[in-house]
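The numbering of the sequence shown is our numbering, which starts it at 1 and goes up by one.
All C-beta atoms, glycine included, are put in the ideal place defined by N, C-alpha and C.
As structure tokens, the structure follows; a few thoughts come after it.
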Amino acid sequence: MSQLAEDFARDGAVCLRGVIPPDLIELLRQGIDANIAAPSPRAKVASRPEDPGRFIEDFRNWDENPAYRRFIFESDLPRIAAELMGSRQARLYHDHMLTKEAGAQQPTPWHQDQPYYNVEGRQNCSFWIPVDPVSEGSTLRFVAGSHRGPWLMPRSFMDAQARWFPEGSLADLPDIEGDPSAHTILGWPLEPGDVVCFHMLTLHSAAGSDRRRRVFSVRFLGDDAVHAPRAWTTSPPFPGLEAQLPAGAPMDHPLFPILWPTPSAPKGQAETLS
Ligand SMILES: O=C(O)CCC(=O)C(=O)O
Numbered sequence: 001m002s003q004l005a006e007d008f009a010r011d012g013a014v015c016l017r018g019v020i021p022p023d024l025i026e027l028l029r030q031g032i033d034a035n036i037a038a039p040s041p042r043a044k045v046a047s048r049p050e051d052p053g054r055f056i057e058d059f060r061n062w063d064e065n066p067a068y069r070r071f072i073f074e075s076d077l078p079r080i081a082a083e084l085m086g087s088r089q090a091r092l093y094h095d096h097m098l099t100k101e102a103g104a105q106q107p108t109p110w111h112q113d114q115p116y117y118n119v120e121g122r123q124n125c126s127f128w129i130p131v132d133p134v135s136e137g138s139t140l141r142f143v144a145g146s147h148r149g150p151w152l153m154p155r156s157f158m159d160a161q162a163r164w165f166p167e168g169s170l171a172d173l174p175d176i177e178g179d180p181s182a183h184t185i186l187g188w189p190l191e192p193g194d195v196v197c198f199h200m201l202t203l204h205s206a207a208g209s210d211r212r213r214r215v216f217s218v219r220f221l222g223d224d225a226v227h228a229p230r231a232w233t234t235s236p237p238f239p240g241l242e243a244q245l246p247a248g249a250p251m252d253h254p255l256f257p258i259l260w261p262t263p264s265a266p267k268g269q270a271e272t273l274s
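Listed below in structure tokens is the structure:
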């Protein structure tokens, strides 16, 4: 196992420097700008109207946004994902655009991602890919080791409502800001080309941002991922999927293509991370 894969298994979050070449970063900038100019019906503004900078999110656009699609299929991320997850395959789960405009005060509260989703399984990872420099103060922060569980209560970001698992069915998060010394917090200032990769159960949060912070995130599933249809609308939603993919089935569906190994990759091509 590479050192990075060991760190990922231990901490649930790692930083990879300079893994996205400048031409793919420029492509991603164009994709994000086009996405913001013409958001999908799934887009939302996750900040209050009086916030000086908006926090804009959009989801599941790779099939309609040619820049996102090219980025996802041409970057080295599927191979890296497979290595970090310890998985034979890396399957695309979804993409998520998260832009904080200059002056955005809205923090992203501490949360895990998997309780909002419709998947179960331990082999998974999300890349958070900024196309603008991100300072230490506005970067994504992680509670090291929190990916080992348990699942914690997902709540809406602005009004802390239980819209997913019913109230009381999962424990609430510890007060991480109230007792920071009880946790090992990881976070890295980032330049375009750097990415962070984290497990879908790793607790993470981010502050607002003084300067514009455009981020694209790509999420991957490994060999053990299975469909977990929910009685509620997941975030992001996959309407109608439960009629096509039974509970407990592998995520074998055109929405979730296998990107590693690539269909054309000759046997033995898989490199290891340094
Ligand atoms: O970009 C942010 O502020 C939050 C990111 C996040 O929660 C995620 O990528 O899952």
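In the DSSP assignment, alanine 13 falls within the unbroken beta strand (DSSP E) covering 13-16.
DSSP lists Arg91 as the beta-bridge partner residues of isoleucine 258.
With contacts defined by Cβ atoms closer than 8 Å, leucine 92 and leucine 259 form a contacting pair.
Cα atoms of proline 239 and threonine 233: separation of roughly 8 Å, rounded to the nearest angstrom. No alpha helix (DSSP H) of 4 residues or more sits fully in the region 129-179.
Counting other Cβ atoms within 10 Å of its Cβ, valine 215 reaches 16 or more and is therefore classed as buried. Within the region 20-96, the runs of alpha helix (DSSP H) at least 4 residues long that lie entirely inside it are, in chain order, 22-37, 66-74 and 77-85. Distances taken from the Cβ of histidine 204 to the heavy atoms of ligand 1 include one shorter than 7 Å.
Membership of histidine 204 in the beta strand (DSSP E) is indicated by the continuous run 204-206. Beta-bridge partners assigned by DSSP to serine 209: Ala104. In this structure, arginine 70 and aspartate 132 do not form a Cβ contact; the two beta carbons are roughly 20 Å apart against a cut-off of 8 Å.
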